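Numbering-wise (my numbering), the sequence shown opens with residue 740 and increments by one. Just below is one structure, and these are the notes that go with it.
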Amino acid sequence: MADNAAESTNNKHRDVLESTQRVVQSALQKLGYPEEVYELLKEPVRLMTVRIPVRMDDGSTKIFTGYRAQHNDAVGPTKGGVRFHPEVSENEVKALSIWMSLKAGIVDLPYGGGKGGIICDPREMSFRELEGVSRGYVRAISQIVGPTKDIPAPDVMTNSQIMAWMMDEYSRMDEFNNPGFITGKPIVLGGSHGRETATAKGVTICLKEAAKKRDISIEGARVVIQGFGNAGSYLAKFMHEAGAKVIGISDAYGALHDPDGLDIDYLLDRRDSFGTVTNLFKSTISNQELLELDCDILVPAAVENQITKDNAHNIKAQIVIEAANGPTTFEATKILTERGILIVPDVLASAGGVTVSYFEWVQNNQGFYWTEQEVEERLEKVMLKGFQNVYQTAQTRRVDMRLAAYMVGVRKMAEASRFRGWI
Ligand code: GLU
């Protein structure tokens, strides 16, 4: 990406970071912490920018830019995914690392938040080129990551193959096999059962709890899902299996709508590895139209800034479950809450992925592996507890669900920083 394009993406993401910082500040104020706690937690403690030279298939060398942000390591090592996307930016990675800290706090994992990203478009790269970028990134950030420092994982447009290359590169540098360096690996390399579906499973657990609060039965509920990647596609499958009617789905290029319910099995079968499927259809609608469809439950499972002050008044769902990171802006959260729509915020709803990543890391450290059923039972317990904590905090403190989630998420980190004598 040209430098000025990268700068404009970074400016675009400034709002995302600032909105996050505002909610962190309000959460700390509500909890009675002094301003210096916010001064520490408003930015990552560490941010590394790297330049990664990669030999491309045509013989040329291309230089990619990558980042790794570590938000706060008072509780334990930092943890979070690495995304490959043309619109990765420094501000985005910073915000994403703060969200990872909040997720870890909400589901009570012994981690702080981290996040990484590389500015690239994997849809336009070959297998070998992707391997080059993945290995180059690990070499570049090797000083600050590791199983007891900062543990990467998959995120937007990265998968278990990419995790395998990254683990192999790290293990080669370390000169011994080190599966606990990264999570989301293939099972044969120390991955965990249930990691692939974990984010969608976590969203499903939250969705069922939220539906109970609003007296909506899952059987026959009309569900719209924006995004058909790892989270969105598995969620469509689980909702379909539970008897809900998935009436809308989308990918980066468009959306599909059928008020009688889409043929989910067919769509799952035809999607490509990046979740693209709408290109096979003639009559599509836009992503904006999808969000405003008449439905009971709306699940943004794609990218940031989708529900804004411009369309929040037109959302017809009774419940919005955020499977993506940051899909609803600060202003839109206010509008939806005032309209009585129940929001299950990203830092809670999407915490299933990092929860099973934690299980994977524990299994790697112990060298003792769990069954799929053990993973799922533990995930369910953790998510239910997180949901109940956030919901109760919202009720008893009379705050919206996002602020409640931030209050639950930030507390442990603030306490740990205080005990360590940092503030
Ligand atoms: N990238 C995922 C997230 O945003 C998972 C992170 C992890 O497994 O560490 O929560």
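Note that beta-carbon positions come from the ideal geometry of N, C-alpha and C, so glycine has one too. All of these numbers come straight from a predicted model, not from anything done at the bench.
Asked                                                                                                         : Found
Three-way DSSP call (helix, strand, coil) for P918 in this model                                              : helix
Close beta carbons around I858, own chain, < 7 Å, minus the five adjacent residues each side                  : M740, A745, F803, T804, P825, V827
Proximity test, D742 beta-carbon vs the ligand GLU heavy atom, cut-off 7 Å                                    : no
Any non-hydrogen atom of the ligand NAP closer than 7 Å to M896 Cβ                                            : Absence of the ligand NAP is noted for the structure shown, with the ligand GLU being the only ligands found.
Sequence-distant residues of the same chain with beta carbon closer than 8 Å to D1139, five excluded per side : T1072, K1073, T1076, I1082, A1133
Beta-carbon proximity check, G855 vs Y909, cutoff 8 Å                                                         : no
Rounded separation between G982 and V962 - CA only                                                            : 11 Å
Proximity of N1128 and V1147 at Cβ, strictly below 8 Å                                                        : yes
Segments of 3+ residues assigned as beta strand (DSSP E) that fall wholly inside the stretch 787-875          : 800-809, 821-824, 851-858
Three-state secondary structure assigned by DSSP to I926                                                      : helix
Straight-line Cα distance separating T748 from V832                                                           : 12 Å
Segment contact, 8 Å Cβ cut-off, at least three pairs: the stretch 976-990 with the stretch 941-959           : yes
G1092 burial status per 10 Å Cβ neighbour count (16 or more: buried)                                          : buried
The stretch 989-1001 / the stretch 1027-1034 touching (three or more Cβ pairs under 8 Å)                      : yes
Among F823, G852, M902, the one whose alpha carbon lies nearest that of E863                                  : F823
Per-residue DSSP class, three states only, for L1081                                                          : strand
Rounded distance between the beta-carbons of A1056 and I1036, thought under 8 Å                               : 6 Å
Touching by the beta-carbon criterion (3+ pairs, under 8 Å), the stretch 867-880 and the stretch 835-843      : no
Residue span of the beta strand (DSSP E) that contains D990, given as start and end                           : 984-990
Residues near L974 in its chain [Cβ-Cβ closer than 7 Å; skip 5 each side]                                     : A939, V942, T943, I964, V1038, A1040, A1062
Reference G959, options I901, D999, G885, P792, closest by Cα                                                 : D999
Close beta carbons around T887, own chain, < 7 Å, minus the five adjacent residues each side                  : P816
Neighbour-count burial assignment, V927, 16 or more Cβ in a 10 Å radius                                       : exposed
Alpha carbon of H752 to alpha carbon of G930, nearest angstrom                                                : 32 Å
Check whether Y850 and K818 have beta carbons under 8 Å apart                                                 : yes
Opposing strand residues paired with L995 [DSSP bridges]                                                      : I988
Sequence-distant residues of the same chain with beta carbon closer than 8 Å to A903, five excluded per side  : K924, P925, L928
With 16 other Cβ atoms within 10 Å as the buried cut-off, status of G1014                                     : buried
Residues sharing a beta bridge with T1163, DSSP                                                               : Because the chain in this structure spans residues 740 to 1162, residue 1163 falls outside the shown range and cannot be described.
N1104 beta carbon near the ligand GLU (any heavy atom closer than 7 Å)                                        : no
Classification of K1151 by the beta-carbon crowding that lies within 10 angstroms, buried from 16 upward      : buried
For L1001, three-class secondary structure by DSSP                                                            : coil
Host alpha helix (DSSP H) of Q1102 (start-end)                                                                : 1091-1105
G885, DSSP secondary structure in three states                                                                : strand
Secondary structure of Q1057, DSSP reduced to three states                                                    : coil
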